[in-house]
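Working notes, beginning with the structure itself.
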Amino acid sequence: MRLSDMPALRKIDQAYHAPFLTACTAALTAHGYLTDTESEQLRIHLKDRHRLAEGGSLFQQLKEENSAAFSILQARLGPYNFSGLLFRWTTAKAIENFNFAIWSFAQELLNKAELMFNQPFHLYSGKTCVQRGPFSYFLVETAGELHKNADELHELVRQLKRWSLRTQVTQSFETSLATHLGFETNDEPGLADWKLHEILKKTWLQLELLAEFNEHVLRQVSANLKMDAEEPRLKFLLEDFQSILMSTRGIAHIDFSAIDTMENKRLRILAALQECRDLAQEFYPLLLDTIKTSRVPSQATNIWSEYESRAIINHLLDRGIPISEARGALAALVSYCHDHGISPEQLLDAELQKIHPFFDNTSSLFLRKASTTDRLSEGFTEEKHQIVRKKDHLLQSINQRLLGITFIFFLLITLTAACGVKTAPRSEVLDVRPTVPYHADSRNYPKKNGDTPTAVQTPPSESK
20 MRLSDMPALR KIDQAYHAPF LTACTAALTA HGYLTDTESE QLRIHLKDRH RLAEGGSLFQ
80 QLKEENSAAF SILQARLGPY NFSGLLFRWT TAKAIENFNF AIWSFAQELL NKAELMFNQP
140 FHLYSGKTCV QRGPFSYFLV ETAGELHKNA DELHELVRQL KRWSLRTQVT QSFETSLATH
200 LGFETNDEPG LADWKLHEIL KKTWLQLELL AEFNEHVLRQ VSANLKMDAE EPRLKFLLED
260 FQSILMSTRG IAHIDFSAID TMENKRLRIL AALQECRDLA QEFYPLLLDT IKTSRVPSQA
320 TNIWSEYESR AIINHLLDRG IPISEARGAL AALVSYCHDH GISPEQLLDA ELQKIHPFFD
380 NTSSLFLRKA STTDRLSEGF TEEKHQIVRK KDHLLQSINQ RLLGITFIFF LLITLTAACG
440 VKTAPRSEVL DVRPTVPYHA DSRNYPKKNG DTPTAVQTPP SESK
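In the numbering used here, the protein residues as written are 20 to 483.
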């Protein structure tokens, strides 16, 4: 989604405008500022507008048509505060939609952890293997980092959804409007402009950190699994993700004194977040499909970690062997194990002597003892129990986040319906929110195997 693709962007933007206006109209109706007829006219207008292939600014059209709901909102809030409220609400919703993709992927990684529990994983720094362990350990740690990143974004969303007017919330209408929009109200005045700058900068920083971590995950997974067919596509998606963030790095600098400038930046942020979400929804499932036991290569025994190599070097140094000769003995041992496809603890005493004269019976005992501390061995059960406990804890926390997003959406619909905005008696308008694909994705969150969400048709209310 590029900013230059204005028709598609307007379609997405309208999908955000509709629920925003729905909540605002619910508050106006609840306080008697709008009649049922006026709120019904707004719904019909939005429904008819959705059928148009293209259109200009929704709010500009409402202003030209002297829409009662829009005029009262402008009068109650003022053009500046209305634009600021819309800016924060749409930005927060776009980040929430992106966050859902992260949490969903982390959830699937934790589900994969049990499948890959006894499979080997080798952590690399450059071309050097620095650590060996269970594949499930890497998956759980990856899910934990993703959860941490998503939590940071969630906290920024919470700050964005503080009541943004410059005065304290003292009127009942403002309290009702904040509740319908899902904003927090407290004794503090609205956020200052510089504070919003800071929040947007932190948001982009978190997205850049996520892009770097995704690159690290892809690099480690590709080094441990057979994924020649998928790796080029995954790299292209990552490059596109990073390119979007680089091109919009200065997006947080907004001139809030000019409403037109604020609206332009809002559209840029919305386009960038929507494209990041689209890329994430393609990148994560494709990467997830490669994590299978059948993709694990059968060469785990002859991959040496830096820790093992350093332990053998130290063993030889303790016996008084010079460092240069110790390294030569290690190189000969590694080469022999690679050529014969065996691990060091499987070597016989005679083989050790044949490999290098520095190895003797003491070396054989050392290698066998070192193998008992291998994190992949059956005897190393405590760490495996820790992995399971951490996996269960993370899964519970992520499920709560996903459930919380779903609950908030349900609560907004319930509040709106209770005020007679979503469904009115004798109304033949099915829904104020247009069922465009992008909006359907934001309400019916991503499904497995690429299933497309279907719009649920609500029958008209029976006339009394």
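Note that the Cβ used here is the ideal one computed from N, Cα and C, for glycine as well. Quick caveat, the model's predicted, so the values are computed rather than measured.
Cβ neighbours of Phe-378 within its own chain (closer than 6 Å, five residues either side excluded): Leu-371.
In the three-state reduction of the DSSP assignment, Thr-204 falls in the coil class, being assigned neither a helical nor a strand state. Across the structure, Gln-239 and Lys-409 are spaced so that their CA atoms are roughly 21 Å apart. Closest in alpha carbon position to Phe-157, among Tyr-52, Asp-170 and Ala-125, is Ala-125. Counting only runs of 4 or more residues that sit fully inside the region 121 to 205, the alpha helix (DSSP H) segments are 154 to 179 and 191 to 200, in chain order. As the crow flies, the alpha-carbon of Ile-361 is around 50 Å from that of Glu-115.
DSSP, reduced to helix, strand and coil, places Arg-338 outside both helices and strands of the structure shown, so it counts as coil. In the three-state reduction of the DSSP assignment, Asn-85 falls in the coil class. Under the criterion of beta carbons closer than 8 Å, Leu-179 and Ile-218 qualify as touching, at roughly 6 Å. Its Cα nearest to that of Arg-314, the residue Met-246 stands out among Met-246, Thr-267, Pro-251 and Lys-284. Going by beta carbons, Leu-413 and His-216 fall outside the 8 Å limit. Inter-residue distance for Thr-204 and Phe-255 is about 43 Å (C-alpha atoms, whole angstroms). Contact annotation: Phe-192 and Ala-87 have beta-carbon atoms that are not nearer than 8 Å.
Separation of the CB atoms of Ala-230 and Leu-257 is rounded to 7 Å, and the pair is thereby assigned contact status at 8 Å. Annotated three-state conformation of Gly-103 is helix, per DSSP. If you check the CB distance, Ile-374 and Ala-350 do not come in under 8 Å. In terms of CA proximity to Gly-163, Val-236 leads the group Val-236, Asp-297 and Ala-290.
For Glu-249, the three-state secondary structure derived from DSSP is coil.
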